[in-house]
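*Asks:* Please find one structure pasted underneath; my questions will follow.
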Amino acid sequence: MRKLLFESLTRAPLTEAPPDMELADIAALATTLGDVARRRLGRSLSIREIDAGSCNGCELEIHALANAFYDLERFGLRFVASPRHADVLLVTGPVTRNMREALERTYNATPSPKWVVSVGDCAADGGCFAGSYAVVGGVSAVVPVDLHIAGCPPSPETLLKALVALIGHVSQGARAP
Amino acid sequence: MQSMIKAMAGTPPHAHHPWPRRIVDADTWSALAAQLAEGRWTLAGLWGDAGAVHMALLDMSRGESQGELAVASLPCPTGQFPSVARRHPPAHRLERTIADLFGLEPVGAPDDRPWLDHGRWRVGHPLGITTETSGEGAPYAFLTAEGEGLHRIGVGPVHAGIIEPGHFRFTANGETVVRLEERLGYTHKGVESLMAGASLERAARLAGRISGDSTVAYSIAFARAAEAALGIEIPARAHWLRALMAELERIANHVGDIGAACNDAAFALMHAHTAVLRERVLRQSSACFGHRLMMDKVVPGGVAIDLDRAGAEGIRSLMATIRQAFPPLIELFDNTASLQDRTVGAGILSHALAHQYGCGGYVGRASGRAFDTRRDLAYPPYDSLRFDVPLFQEGDVNARLWVRIREVEQSLGLIDQLLEGMPSGDISVAIGHGPETREGIALVEGFRGDILCWLRLDPTGIVERCHLRDPSWFQWPVLEAAIEGNIVADFPLCNKSFNCSYSGHDL
Numbered sequence: 001m002r003k004l005l006f007e008s009l010t011r012a013p014l015t016e017a018p019p020d021m022e023l024a025d026i027a028a029l030a031t032t033l034g035d036v037a038r039r040r041l042g043r044s045l046s047i048r049e050i051d052a053g054s055c056n057g058c059e060l061e062i063h064a065l066a067n068a069f070y071d072l073e074r075f076g077l078r079f080v081a082s083p084r085h086a087d088v089l090l091v092t093g094p095v096t097r098n099m100r101e102a103l104e105r106t107y108n109a110t111p112s113p114k115w116v117v118s119v120g121d122c123a124a125d126g127g128c129f130a131g132s133y134a135v136v137g138g139v140s141a142v143v144p145v146d147l148h149i150a151g152c153p154p155s156p157e158t159l160l161k162a163l164v165a166l167i168g169h170v171s172q173g174a175r176a177p
Numbered sequence: 001m002q003s004m005i006k007a008m009a010g011t012p013p014h015a016h017h018p019w020p021r022r023i024v025d026a027d028t029w030s031a032l033a034a035q036l037a038e039g040r041w042t043l044a045g046l047w048g049d050a051g052a053v054h055m056a057l058l059d060m061s062r063g064e065s066q067g068e069l070a071v072a073s074l075p076c077p078t079g080q081f082p083s084v085a086r087r088h089p090p091a092h093r094l095e096r097t098i099a100d101l102f103g104l105e106p107v108g109a110p111d112d113r114p115w116l117d118h119g120r121w122r123v124g125h126p127l128g129i130t131t132e133t134s135g136e137g138a139p140y141a142f143l144t145a146e147g148e149g150l151h152r153i154g155v156g157p158v159h160a161g162i163i164e165p166g167h168f169r170f171t172a173n174g175e176t177v178v179r180l181e182e183r184l185g186y187t188h189k190g191v192e193s194l195m196a197g198a199s200l201e202r203a204a205r206l207a208g209r210i211s212g213d214s215t216v217a218y219s220i221a222f223a224r225a226a227e228a229a230l231g232i233e234i235p236a237r238a239h240w241l242r243a244l245m246a247e248l249e250r251i252a253n254h255v256g257d258i259g260a261a262c263n264d265a266a267f268a269l270m271h272a273h274t275a276v277l278r279e280r281v282l283r284q285s286s287a288c289f290g291h292r293l294m295m296d297k298v299v300p301g302g303v304a305i306d307l308d309r310a311g312a313e314g315i316r317s318l319m320a321t322i323r324q325a326f327p328p329l330i331e332l333f334d335n336t337a338s339l340q341d342r343t344v345g346a347g348i349l350s351h352a353l354a355h356q357y358g359c360g361g362y363v364g365r366a367s368g369r370a371f372d373t374r375r376d377l378a379y380p381p382y383d384s385l386r387f388d389v390p391l392f393q394e395g396d397v398n399a400r401l402w403v404r405i406r407e408v409e410q411s412l413g414l415i416d417q418l419l420e421g422m423p424s425g426d427i428s429v430a431i432g433h434g435p436e437t438r439e440g441i442a443l444v445e446g447f448r449g450d451i452l453c454w455l456r457l458d459p460t461g462i463v464e465r466c467h468l469r470d471p472s473w474f475q476w477p478v479l480e481a482a483i484e485g486n487i488v489a490d491f492p493l494c495n496k497s498f499n500c501s502y503s504g505h506d507l
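If you read the sequences in order, they're chains Y and H. Read in order, the letters of the first sequence correspond to residues 1 to 177 in the working numbering. Read in order, the letters of the second sequence correspond to residues 1 to 507 in the working numbering.
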């Protein structure tokens, strides 16, 4: 263990530069998030992840955000264990009928102000599972969605861009008069 | 094999490849269930169909690498069939699922509670004769455990981490777990109903999204079943590219989960390092095949994308990186007493249960069940590659992690051979459809264990019925046994060492 720890002292960190933000991304997010969101969230976001019936592909990429390359926490973003501690709910999956109530209850357990970010193509409208007897079809059919991140699954880079854009706007908004 | 087919005295139906299917009567069905209970065969699958039930049996009596599979089908004109679970408990949840989805009743089944149907679908028996339901949900009677000082802890379906939804009901005496009961089905998406009537292309996309972490293995299973049904031979290069993707998927999941399990034992350093290795594998997969998880890259007829020279070089250098970085991590794992204090002796799964349930993957191989589809029902290109099937006997968390460590090493060796011997040529062939109804079956080794795919195509090539059985079906139930007598706080660690799929199980 000592050797591994010493090595990490001498080696350059793996963590990569913050993602290059294209203006289009930011513009899209700015319209998605109201000024209220920007003022209230400050520079940090507590995120509660909810799998509402995904194939677990999105979960794998959300997990990857914590690895040394993306290091989500340096941007003030962190995952929390309880909806009571969360500002943002990150919801994946086409929302199965069996998960609908659990999603509603988690949403209701999250204190306001709160924002919902839906992740992955099936979270938009059910994706390839739309039309099934077991699927409600899209997160917005159950709780109000503030931002959608597309992809099947979205790459960690896409996720990071969207979340950093969110927090970037938050801080811009906070500085605004 | 002959003996298994003899035991299935009955008539062969539609063209069914590569293993036989026989239509049997109720007596033969019950006799097969009794032989399952005796341990003569292993249950490889049990699923419903329009007015019939099917049971896939695995015969390993001829020894290592000589496995055989066969399917017995029982028509159920009265909507009933003799329960297999009455004699052979591994069939329990499968029969409850058949009752939920098809409305076929297993007569004599010891447990008649619904399983995937939580009363929320607004439809009863969605794949059989449908009925309208309120969709308001139905209460679920958990099994009881009674005694002085016992208390219950309910966990889920929304968990504290970034994991899939499921409910765990613990009954504990102080810290010690007396009984764990799982309730699953929260991620049920109705995949089998979406598959019915779908084109082969759409069904293949769905198959790749049954369990995202095993998307390559699922796609291979579906493609192989389709190719078997249609009698298509795919180019050798396609077989080899599929195996390359499958081994990359195996390494990515194994290294990631080894670290994640250590993290559940509060040893975060391992997690940090293995997460880096996992990320490197995914990045290389994306560079070579255009998708980090390689979704939709295996298709019926072959593969969707070829590997170029730069891609092969990239994988070679990735292999070198892992060979350099992985051994010191394993040394660390092996030499950290505080970690072993958690993993050794925790969550022991007995040999008897591993064999009875036919537990696949590292769960079975850590408890003395030496079964690996790549060797025992070998499919190309594994029939021409050299590799070992690591086997451990202890059955604890530690053994399950060691199986995965050894499998990473085997996969590295397999990838060397795959890059070295990769045949040139085409990567896919066109697929047509048969002039009549065709059926195919495939068993494929995913990182978690053997995935079964059974498929019936109509004369126009449309999917009539497709059933995909995740290895988790035979792993989730024994987790309940493995956790007994452990402390509640060790459950996350034990659960992670099983690492069953919720989505793959719930369908």
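Glycine included, each C-beta is placed from N, C-alpha and C at the ideal position. Since the structure is predicted, the reported quantities are computational estimates derived from the model, not experimental observations.
Closer than 9 Å, CB to CB, is R78 of chain Y near chain H or not?
*Replies:* Here the question's residue 78 of chain Y lines up with position 78 in the first sequence. For R78 of chain Y, the answer is no, since every Cβ of chain H falls outside 9 Å of its Cβ.
*Asks:* So what's P165 of chain Y in DSSP terms, helix, strand or just coil?
*Replies:* Here residue 165 of chain Y corresponds to residue number 165 of the first sequence, with the count starting at 1. Looking at the sequence shown, residue 165 of chain Y is not Pro but Ala. Three-state DSSP puts A165 of chain Y in a helix.
*Asks:* Could you check whether the segment 415 to 429 of chain H touches the segment 237 to 253 of chain H, counting it as contact only if at least three pairs of C-beta atoms, one from each stretch, sit closer than 8 Å?
*Replies:* Yes, the segment 415 to 429 of chain H touches the segment 237 to 253 of chain H.
*Asks:* Checking contacts by CB at 9 Å: is T110 of chain Y closer than that to chain H?
*Replies:* Residue numbering aside, residue 110 of chain Y sits at position 110 when the first sequence is read from its first letter. Answer no: the Cβ-Cβ gap between T110 of chain Y and chain H never drops below 9 Å.
*Asks:* Would you give the residue range spanned by the alpha helix (DSSP H) that V281 of chain H belongs to?
*Replies:* Translated into positions along the second sequence, residue 281 of chain H becomes position 281. A268 to F289 is the span of the alpha helix (DSSP H), which, as asked, contains V281 of chain H.
*Asks:* If the cut-off is 7 Å on Cβ atoms, which residues from the segment 168 to 202 of chain H count as contacting chain A, listed in chain order?
*Replies:* No chain A is present in this structure, whose protein chains are Y and H.
*Asks:* Between L159 of chain Y and E61 of chain Y, which are expected to be in contact by the criterion C-beta below 8 Å, what is the C-beta distance as a whole number of angstroms?
*Replies:* Residue numbering aside, residue 159 of chain Y sits at position 159 when the first sequence is read from its first letter. Residue numbering aside, residue 61 of chain Y sits at position 61 when the first sequence is read from its first letter. That belief holds up - the Cβ atoms of L159 of chain Y and E61 of chain Y are roughly 6 Å apart, short of 8 Å.
*Asks:* With 16 as the cutoff for other CB atoms within 10 Å, does K297 of chain H come out buried or exposed?
*Replies:* Stepping through the second sequence from its first residue, residue 297 of chain H is reached at position 297. Burial call: buried.
*Asks:* Count the other C-beta atoms from every protein chain shown that fall within 10 angstroms of the C-beta of F6 of chain Y, then say buried if there are 16 or more, exposed otherwise.
*Replies:* The sequence position of residue 6 of chain Y within the first sequence is 6, counting from 1. The residue in question, F6 of chain Y, is exposed, as its Cβ has fewer than 16 Cβ neighbours within 10 Å.
*Asks:* Taking 9 Å as the CB-CB cut-off, is K161 of chain Y touching chain H?
*Replies:* Taking the first sequence and counting its residues from 1, the one referred to as residue 161 of chain Y is at position 161. Not closer than 9 Å to any Cβ of chain H, the Cβ of K161 of chain Y fails to qualify, so no.
*Asks:* For F6 of chain Y, does the three-state DSSP call read helix, strand or coil?
*Replies:* Here residue 6 of chain Y corresponds to residue number 6 of the first sequence, with the count starting at 1. The answer is helix: DSSP assigns F6 of chain Y an H, G or I state.
*Asks:* What's the C-alpha gap between R175 of chain Y and V88 of chain Y?
*Replies:* As a first step, residue 175 of chain Y is located in the first sequence; it is residue number 175 there, counting from the start. As a first step, residue 88 of chain Y is located in the first sequence; it is residue number 88 there, counting from the start. For R175 of chain Y, the predicted model reports a pLDDT of 35, less than 50, meaning its position is unreliable; a value from the coordinates is still stated below. Roughly 21 Å between the two C-alpha positions.
*Asks:* State the CB to CB distance for the pair V107 of chain H and S83 of chain H, rounded to an integer number of angstroms; the pair is presumed to be in contact (CB under 8 Å).
*Replies:* Taking the second sequence and counting its residues from 1, the one referred to as residue 107 of chain H is at position 107. Taking the second sequence and counting its residues from 1, the one referred to as residue 83 of chain H is at position 83. Confirmed, about 6 Å.
*Asks:* To test your reading of the DSSP string, which unbroken alpha helix (DSSP H) runs of 4 or more residues are found completely within the segment 151 to 233 of chain H?
*Replies:* Segments of the alpha helix (DSSP H) lying fully in the segment 151 to 233 of chain H: 191 to 195, 200 to 207 and 215 to 230.
*Asks:* Out of H:P90, H:A172, H:L116 and H:R465, point me to the one whose CA is closest to D506 of chain H's CA.
*Replies:* For this step, residue 506 of chain H is matched to residue 506 along the second sequence. When each option's Cα is compared against that of D506 of chain H, the closest is H:L116.
*Asks:* Determine which residues share a DSSP beta bridge with R456 of chain H and list them.
*Replies:* Numbered from its first residue, the second sequence carries residue 456 of chain H at position 456. Partner(s): H:E439 and H:R465.
*Asks:* In chain order, what residues of the same chain have a beta carbon less than 6 Å from the beta carbon of H14 of chain H, not counting five sequence neighbours either side?
*Replies:* Along the second sequence, read from residue 1 onward, the residue named residue 14 of chain H stands at position 14. Cβ within range, chain order: T437 and E439.
*Asks:* For F447 of chain H, name the three-state secondary structure that DSSP assigns.
*Replies:* Position 447 of the second sequence, counted from the start, is the residue given in the question as residue 447 of chain H. In the structure shown, F447 of chain H sits in coil (DSSP, three-state: anything other than H, G, I, E or B).
*Asks:* Between the segment 457 to 473 of chain H and the segment 259 to 266 of chain H, are three or more C-beta pairs nearer than 8 Å?
*Replies:* Contact fails: fewer than three Cβ-Cβ distances are below 8 Å.
*Asks:* If the cut is a Cβ gap below 8 Å, which residues of chain Y does E164 of chain H touch?
*Replies:* In the second sequence, counting from the first residue as 1, residue 164 of chain H sits at position 164. D51, S54, N56 and E59, listed in chain order.
*Asks:* Could you say which of H:P492, H:T144, H:F170 and H:G208 lies nearest to V191 of chain H if we only look at CA atoms?
*Replies:* On the second sequence, position 191 is the one that residue 191 of chain H refers to. Of H:P492, H:T144, H:F170 and H:G208, the residue nearest in Cα terms is H:G208.
*Asks:* Which residues mark the beginning and the end of the beta strand (DSSP E) in which V116 of chain Y is found?
*Replies:* Taking the first sequence and counting its residues from 1, the one referred to as residue 116 of chain Y is at position 116. Unbroken beta strand (DSSP E) run through V116 of chain Y: W115 to V119.
*Asks:* Is A272 of chain H close to chain Y? Criterion is C-beta to C-beta, closer than 9 Å.
*Replies:* Numbered from its first residue, the second sequence carries residue 272 of chain H at position 272. True, the Cβ-Cβ gap to chain Y drops below 9 Å.
*Asks:* Chain Y beta carbons: is any one of them nearer than 9 Å to that of V71 of chain H?
*Replies:* As a first step, residue 71 of chain H is located in the second sequence; it is residue number 71 there, counting from the start. Chain Y contact via Cβ: absent.
*Asks:* I want to verify the contact list: residues of chain Y whose CB lies under 9 Å from the CB of L269 of chain H, in sequence order.
*Replies:* In the second sequence, the residue the question calls residue 269 of chain H occupies position 269. M1, L4 and L5, listed in chain order.
*Asks:* Could you spell out the range, first to last residue, of the beta strand (DSSP E) harbouring S61 of chain H?
*Replies:* Counted from its first residue, the second sequence places residue 61 of chain H at position 61. Segment: none, S61 of chain H is in no beta strand (DSSP E) and carries neither H nor E.
*Asks:* Could you give the DSSP three-state label for G510 of chain H: helix, strand or coil?
*Replies:* Nothing in the structure corresponds to residue 510 of chain H, since chain H is present only between 1 and 507.
*Asks:* Less than 8 Å between the CB of K161 of chain Y and some heavy atom of the ligand MN, yes or no?
*Replies:* What this structure holds is no ligand at all, so the ligand MN is not there to describe.
*Asks:* So what does DSSP say about A295 of chain H, is it helix, strand or coil?
*Replies:* Here residue 295 of chain H is taken as the residue at index 295 of the second sequence, counted from 1. Contrary to the premise, residue 295 of chain H reads as Met rather than Ala in this sequence. Coil at M295 of chain H, not helix or strand.
*Asks:* Check for me: the alpha helix (DSSP H) holding Q393 of chain H runs from which residue to which?
*Replies:* Here residue 393 of chain H is taken as the residue at index 393 of the second sequence, counted from 1. First-last for Q393 of chain H: undefined, no H or E at that position.
*Asks:* Determine the burial state of K161 of chain Y: buried for a count of at least 16 other Cβ atoms within 10 Å of its Cβ, exposed for fewer.
*Replies:* Indexing the first sequence from 1 puts residue 161 of chain Y at position 161. When all chains shown are included, K161 of chain Y counts as buried.
*Asks:* Is it the case that the Cβ atoms of G161 of chain H and M295 of chain H are separated by a distance below 9 Å?
*Replies:* The residue you call residue 161 of chain H lines up with position 161 of the second sequence. The residue you call residue 295 of chain H lines up with position 295 of the second sequence. No.
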